[in-house]
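According to this note's numbering, the residues represented by the sequence shown are 17 to 175, in order. From the three backbone atoms N, C-alpha and C, an ideal C-beta is built for every residue, glycine too. Since this is a predicted model, take the numbers as computed values, not measurements. Let me begin by presenting the structure, written as structure tokens, before commenting on it.
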Amino acid sequence: PEKRDTLIGFNILRRQSMGVAALSGLRTGHAADAEALARERLPLPLSPMDPTDPRYDQARSRLVIAHAQFLQGQPVAARASLDEARAILSPIIEQGGQGLTLTRGVAYGLYLDASLRTRGDPQRAGKLAEAARLLRGLGPEAQALSDIRELRGWIEQAG
Numbered sequence: 017p018e019k020r021d022t023l024i025g026f027n028i029l030r031r032q033s034m035g036v037a038a039l040s041g042l043r044t045g046h047a048a049d050a051e052a053l054a055r056e057r058l059p060l061p062l063s064p065m066d067p068t069d070p071r072y073d074q075a076r077s078r079l080v081i082a083h084a085q086f087l088q089g090q091p092v093a094a095r096a097s098l099d100e101a102r103a104i105l106s107p108i109i110e111q112g113g114q115g116l117t118l119t120r121g122v123a124y125g126l127y128l129d130a131s132l133r134t135r136g137d138p139q140r141a142g143k144l145a146e147a148a149r150l151l152r153g154l155g156p157e158a159q160a161l162s163d164i165r166e167l168r169g170w171i172e173q174a175g
């Protein structure tokens with residue numbers, strides 16, 4: 017049991033570290049590394065102490081993969097990964113889900129959807145506007161979070 021617990025703890029820390037590293041890869045232009053890390057962390061266990069619905073984490077990983085694929089010039093693969101994330105988040109939304117994590121995920125998905133469209137596509141502007149509206153609807157504390165500020169910056173740059 018002790019050895020098993022140690023392995024579980026190691027995998028939880030490994031998963032968290034890989035998530036940070038994947039996001040760092042996106043931020044520093046290492047999209048292929050970001051994609052590989054996000055994929056590798058998918059099967060690793062969440063901490064049993066984490067109160068977050070694991071579906072949010074699964075969707076977030078797929079959004080990071082889609083973002084990395086987009087940055088690598090792989091729009092078909094990025095769209096498929098985005099669709100996987102949407103398939104995870106849609107039932108949560110339909111069940112009345114709400115909160116910061118869901119809002120961030122939906123806004124991130126809208127940003128990626130818009131980014132996969134050409135600049136002249138009217139749906140692009142609409143999706144960016146909806147993503148920005150969702151983030152503006154968050155409270156001041158949430159808006160001050162670095163990942164929300166970063167996402168807002170991405171949306172503004174894409175517009």
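Check: How is the alpha helix (DSSP H) around L98 delimited, first residue to last?
Finding: P91 to E110
Item checked: Contact under 8 Å by Cβ, V80 with A123 -> no
Next item on the list: Entirely within the stretch 35-94 and at least 3 residues each: give me those beta strand (DSSP E) ranges in chain order.
Entry: none
Next item on the list: Kindly confirm or deny that the stretch 90-99 and the stretch 61-72 touch, where touching means at least three C-beta pairs closer than 8 Å.
Entry: no
Checklist line | Beta-carbon proximity check, L27 vs P61, cutoff 8 Å | finding: Before going further, note that residue 27 is Asn rather than Leu in the sequence given. Result yes, Cβ atoms of N27 and P61 sit closer than 8 Å.
Checklist line | Coarse secondary structure for A147, derived from DSSP in three states | finding: helix
Item checked: Supposed contact pair R31 and R57 - C-beta distance, whole angstroms, cut 8 Å -> 5 Å
Check: DSSP three-state call for L126: helix, strand or coil?
Finding: helix
Item checked: Boundaries of the alpha helix (DSSP H) in which G169 is found, first to last residue -> S162 to A174
Check: What residue range is occupied by the uninterrupted alpha helix (DSSP H) comprising Q159?
Finding: P156 to Q159
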